[in-house]
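Asker: Straight run, no breaks: the sequence shown in my numbering ends on number 511.
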Amino acid sequence: MSKRYKVNLLDELKPHVDIPFSDKYVITKSIIARNLREHRGKAVVAWSGGKDSTLVLYLVRQLEPDVSVVFNNTGVEYPETVAYIRELADAWKLNFFETHPDTTFWKVGEKFGYPGGTKHGQKKIRRGTASPHCCYYLKEKPMFDIIREKGFTCSFDGVTAVESWVRMFVARDKGTCYTNKHWDIKKVKPILYWTEDEVFQFFHDERILLNPLYERGMTRVGCMPCTSYKTWEEDLRRENPKLYSIVKFRKDGYYQLTRQAIETLHSSGLKVALLTKAGPLAARDFDLLERVKLTQLRFAFDEPGMATIFTEKIRLVQETGLCKQPFIYVLVGFNTTFDEDLERLNLIRRLGCRAYVMRYDTVRLERRYNELARWANMFWSFAKYDFQEFVRVVRQ
Ligand code: SF4
Numbered sequence: 116m117s118k119r120y121k122v123n124l125l126d127e128l129k130p131h132v133d134i135p136f137s138d139k140y141v142i143t144k145s146i147i148a149r150n151l152r153e154h155r156g157k158a159v160v161a162w163s164g165g166k167d168s169t170l171v172l173y174l175v176r177q178l179e180p181d182v183s184v185v186f187n188n189t190g191v192e193y194p195e196t197v198a199y200i201r202e203l204a205d206a207w208k209l210n211f212f213e214t215h216p217d218t219t220f221w222k223v224g225e226k227f228g229y230p231g232g233t234k235h236g237q238k239k240i241r242r243g244t245a246s247p248h249c250c251y252y253l254k255e256k257p258m259f260d261i262i263r264e265k266g267f268t269c270s271f272d273g274v275t276a277v278e279s280w281v282r283m284f285v286a287r288d289k290g291t292c293y294t295n296k297h298w299d300i301k302k303v304k305p306i307l308y309w310t311e312d313e314v315f316q317f318f319h320d321e322r323i324l325l326n327p328l329y330e331r332g333m334t335r336v337g338c339m340p341c342t343s344y345k346t347w348e349e350d351l352r353r354e355n356p357k358l359y360s361i362v363k364f365r366k367d368g369y370y371q372l373t374r375q376a377i378e379t380l381h382s383s384g385l386k387v388a389l390l391t392k393a394g395p396l397a398a399r400d401f402d403l404l405e406r407v408k409l410t411q412l413r414f415a416f417d418e419p420g421m422a423t424i425f426t427e428k429i430r431l432v433q434e435t436g437l438c439k440q441p442f443i444y445v446l447v448g449f450n451t452t453f454d455e456d457l458e459r460l461n462l463i464r465r466l467g468c469r470a471y472v473m474r475y476d477t478v479r480l481e482r483r484y485n486e487l488a489r490w491a492n493m494f495w496s497f498a499k500y501d502f503q504e505f506v507r508v509v510r511q
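1. Given a cut-off of 8 Å on the beta-carbon distance, is the pair Val175 and Val160 in contact?
2. Starting from the Cα of Val184, find the closest Cα among Glu153, Ile261, Leu124, Val472 and give me that residue.
3. Give every residue whose Cβ lies closer than 5 Å to any heavy atom of the ligand MG, listed in chain order.
4. For Lys265 and Leu351, what's the separation of their Cα atoms in angstroms?
5. Would you kindly check if the distance between the Cβ of Ala491 and the Cβ of Leu460 is under 8 Å?
6. Which residues mark the beginning and the end of the beta strand (DSSP E) in which Leu446 is found?
7. For the putative contact between Leu324 and Leu203, defined by C-beta atoms under 8 Å, what is the C-beta separation to the nearest angstrom?
8. With a threshold of 6 Å on Cβ separation, who are the neighbours of Leu253 within its own chain once the five nearest residues in sequence on each side are excluded?
9. Short check: CB of Glu532 to CB of Pro327, under 8 Å?
10. Who are the near neighbours of Tyr359 in its chain, counting only those whose CB is closer than 8 Å to its CB and skipping five residues on each side?
11. What does the alpha-carbon distance come out to for the pair Ser246 and His297?
12. Does the Cβ of Ala276 have 16 or more other Cβ atoms within 10 Å, making it buried, or fewer, making it exposed?
13. Name the two residues that bound the continuous alpha helix (DSSP H) containing Lys157.
14. If I'm right that Thr294 touches Lys301 with Cβ under 8 Å, what's the distance once you round it to whole angstroms?
15. Assuming Lys301 is part of the beta strand (DSSP E), what are its boundary residues?
16. Expressed to the nearest angstrom, what Euclidean distance is found between the alpha-carbon atoms of Glu311 and Asp167?
17. Which partner residues of Val333 appear in the DSSP bridge assignment?
18. Quick check: what's the CA-CA separation for Leu487 versus Ser496?
19. Assign Asn326 to one of three DSSP states: helix, strand, or coil.
20. Sort Tyr173, Pro340, Thr334 by Cα distance to Phe318 and report the nearest one.
21. Indicate whether Gly164 and Val447 have their beta-carbon atoms separated by less than 8 Å.
22. Looking at the structure shown, is Tyr500 part of a helix, part of a strand, or coil, going by DSSP?
23. Could you give the DSSP three-state label for Phe267: helix, strand or coil?
24. What's the call for Lys129, buried or exposed, on a 16-neighbour Cβ count within 10 Å?
25. Does the beta-carbon of Glu321 have 16 or more other beta-carbons within 10 angstroms, so that it is buried, or is it exposed?
26. What's the gap between the Cα of Thr268 and the Cα of Val223?
27. In the structure shown, what three-state DSSP assignment does Tyr370 receive?
28. Closer than 7 Å by C-beta to Leu533: which residues in its own chain qualify, once you throw out the five before and the five after it? Chain order, please.
29. Residues bridged to Thr187 by DSSP?
30. For Asn295, which three-state DSSP category applies?
31. Select from Leu178, Pro135, Thr169, Lys139 the residue whose C-alpha is nearest the C-alpha of Arg155.
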C-alpha cells in the first residue's frame, strides 16, 4: 500500500508507521482489547464524525458493541456531519450521548479571539495548552463534564500521528496510551500509526459508511467556521460563501474597525477600517479593544461606482449584528450628478440605513440640493417618503 503523509515523518515514528498493515492491524486490535478489559464498562469512544474517530468506533464496537459513545456537538458543525452521526448512531444502535456547550463559537471568538491564523489568535491560545479557547469551551469542557458524570476512566480517540507536526510530536513523546492527569482518564489512540491511505482503504474494504463531506473533496469535517488550520479560507469560501464573509469580518474586520476607533479617537475613522483592507490587528492592542463599546457606526459613501461593495459590506454589518442601522454620510454635488446622488440615497434607504447629506460648496444655494438634504437628513422624512413625494409634500 502506498504511503502518503501530510508532513515528513519523524525518524522515531518510522518503525511504527512503516510496518506491514496486517501487523499494524493486529497491534491496533490488541490495544483495544487490552484497554476494554482493563476499563470494563468504563470506556468511552470520542466520536466527531470524521474518518479517524469513526474508524476507531467501528473497531472498538467489534469487541464491545455496547461501548459508550460521545459526540461533542460544538453548535457549528456541518449539517452533513450531524446528519451522518445521527444516522449511524441509529443504524449501529449506539449507546450514544451528544453534548452541547453552554456558550457559542461566536461568543468565545469575540471574547478570546478566533482560533489560529492571526497574531491575536495565536496570542489567545490558552497558556499551557496547544488548543484554542473554543476547543476548550465547545469540546473539551463538555467532554470533561460527561466523563465526570458517567465515571469514564478510558477514552478511545481517533487520532493519527501523520496528520500534523503537533500530533507527531505528541505521538513520539506519549505513544498510543497515556494517562491525562488533568482529566484523570487514560487516553488510548489505537490507530495512531495508521496512514491516511490505510484509513480510507479500510473504510472501502469493510464498506463502512463515510461522512459524505469527504466525497466533496473536504479534508476535515469538524466545525464549519474553524479558522485554526491553513486552508480554512479556501475551504469555507467554497463550501459556504456567506458564512465565510461573516467569519472573515468577525475575525479581521471587527478588530480592524475597533483599532481604528482607538487610533483615531473619532467615530468617522471607523468607516475607513471597515470598507478598506487595513493591516492585521497588533496583538498588543487587543486588551484595549475589548474595552471599546461601539454605539453607532458611521460610513461615507462617496463613490457611486462602489455601490456593489457598499451594499455587500453594509449587509454584512447588519447580518453580523454589529449594527442594524448604520449612519451613512453622502457628499453631493462634488464629482457626481444630481441623479447619481439621488441613486446613492435611494440605495441607502433600501438598505434601511440613515443618511446625512453634505452639500459641496458649489451647490449649496441650489434649491434641489437643499431639498435633497432636508429630505435625507430628517430621519422621519427619509424613512417615510421617497424624494419625489417629499418634494410634493413640502411644496404644497
Ligand atoms: S475545531 Fe476549530 S472551531 Fe472547532 S472548537 Fe476546535 S479550534 Fe474551535
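Built from N, CA and C at the ideal position, the CB exists for glycine as well. All figures in this text were calculated on a predicted structure; none of them were measured in a lab.
Answerer: On the basis of the supplied data:
1. Position 60 of the sequence shown holds residue 175. Position 45 of the sequence shown holds residue 160. Contact flag set, yes.
2. Stepping through the sequence shown from its first residue, residue 184 is reached at position 69. That would be Ile261, whose Cα lies nearest to the Cα of Val184.
3. The ligand MG is not among the ligands present in this structure, which contains only the ligand SF4.
4. In the sequence shown, counting from the first residue as 1, residue 265 sits at position 150. In the sequence shown, counting from the first residue as 1, residue 351 sits at position 236. So the alpha carbons of these two residues sit roughly 36 Å apart.
5. In the sequence shown, counting from the first residue as 1, residue 460 sits at position 345. In the sequence shown, counting from the first residue as 1, residue 491 sits at position 376. It is a contact, given that the beta carbons lie within the stated cut-off.
6. Walking along the sequence shown from the start, residue 446 turns up at place 331. Boundaries of the beta strand (DSSP E) around Leu446: 442 to 447.
7. As a working mapping, residue 324 is identified with position 209 in the sequence shown. As a working mapping, residue 203 is identified with position 88 in the sequence shown. Leu324 to Leu203, Cβ: 6 Å. Contact.
8. Stepping through the sequence shown from its first residue, residue 253 is reached at position 138. So the list reads Thr189, Pro216, once near-sequence residues are dropped.
9. Outside the shown range of the chain (116 to 511) lies residue 532, about which nothing can therefore be said.
10. By 1-based counting over the sequence shown, the position of residue 359 is 244. Answer for Tyr359: Glu348, Leu351, Arg352, listed in chain order.
11. Translated into the one-based positions of the sequence shown, residue 246 becomes position 131. Translated into the one-based positions of the sequence shown, residue 297 becomes position 182. Rounded to the nearest angstrom, the two C-alpha atoms are 15 Å apart.
12. By one-based count along the sequence shown, residue 276 stands at place 161. With 16 or more other Cβ atoms within 10 Å, it is buried.
13. One-based indexing of the sequence shown puts residue 157 at position 42. Per DSSP, Lys157 belongs to no alpha helix (DSSP H) and is neither H nor E.
14. The residue given as residue 294 occupies position 179 in the sequence shown. The residue given as residue 301 occupies position 186 in the sequence shown. That belief holds up - the Cβ atoms of Thr294 and Lys301 are roughly 5 Å apart, short of 8 Å.
15. For the purposes of this step, residue 301 is taken as the residue at position 186 of the sequence shown. Start and end: 300 to 303.
16. The residue labelled residue 311 in the question sits at position 196 within the sequence shown. The residue labelled residue 167 in the question sits at position 52 within the sequence shown. If you take the alpha carbons of Glu311 and Asp167, they lie about 9 Å apart.
17. Your numbering for residue 333 matches position 218 in the sequence shown. Residue identity check: residue 333 is Met in the sequence provided, not Val. According to DSSP, which records beta bridges pairwise, Met333 is partnered with nothing at all.
18. Here residue 487 is taken as the residue at index 372 of the sequence shown, counted from 1. Here residue 496 is taken as the residue at index 381 of the sequence shown, counted from 1. Straight through space, the alpha carbons of Ser496 and Leu487 are spaced by roughly 11 Å.
19. Residue mapping note: residue 326 aligns to position 211 of the sequence shown, counting from 1. Looking at Asn326 - three-state DSSP - the assignment turns out to be coil, as it is neither helix nor strand.
20. For this step, residue 318 is matched to residue 203 along the sequence shown. When only C-alpha atoms are compared, the closest one is Tyr173.
21. The residue given as residue 164 occupies position 49 in the sequence shown. The residue given as residue 447 occupies position 332 in the sequence shown. Their beta carbons are not under 8 Å apart, which means Gly164 does not touch Val447 by this criterion.
22. The residue given as residue 500 occupies position 385 in the sequence shown. Three-state result, Tyr500: coil.
23. Here residue 267 refers to the residue found at position 152 when the sequence shown is read from its first residue. Coil.
24. Walking along the sequence shown from the start, residue 129 turns up at place 14. It counts as exposed.
25. Position 206 of the sequence shown holds residue 321. Answer is exposed; the Cβ neighbour count stays below 16.
26. Within the sequence shown, numbered from 1, the residue matching residue 268 stands at position 153. Within the sequence shown, numbered from 1, the residue matching residue 223 stands at position 108. Taking the straight line joining both Cα atoms gives about 29 Å.
27. For the purposes of this step, residue 370 is taken as residue 255 along the sequence shown, with counting starting at 1. Residue placement at Tyr370 cannot be trusted, given a pLDDT of 42 that sits under 50; what the coordinates show is reported in the next sentence. Looking at Tyr370 - three-state DSSP - the assignment turns out to be helix.
28. Within the shown structure, residues of the chain are numbered from 116 to 511, placing residue 533 beyond reach of any answer.
29. For the purposes of this step, residue 187 is taken as residue 72 along the sequence shown, with counting starting at 1. Checking the sequence shown, residue 187 turns out to be Asn, not Thr. Per DSSP, Thr214.
30. Residue 295 sits at position 180 when you count from the first residue of the sequence shown. Strand, per DSSP.
31. Taking the first residue of the sequence shown as position 1, residue 155 is located at position 40. Out of Leu178, Pro135, Thr169, Lys139, Leu178 has the C-alpha closest to the C-alpha of Arg155.
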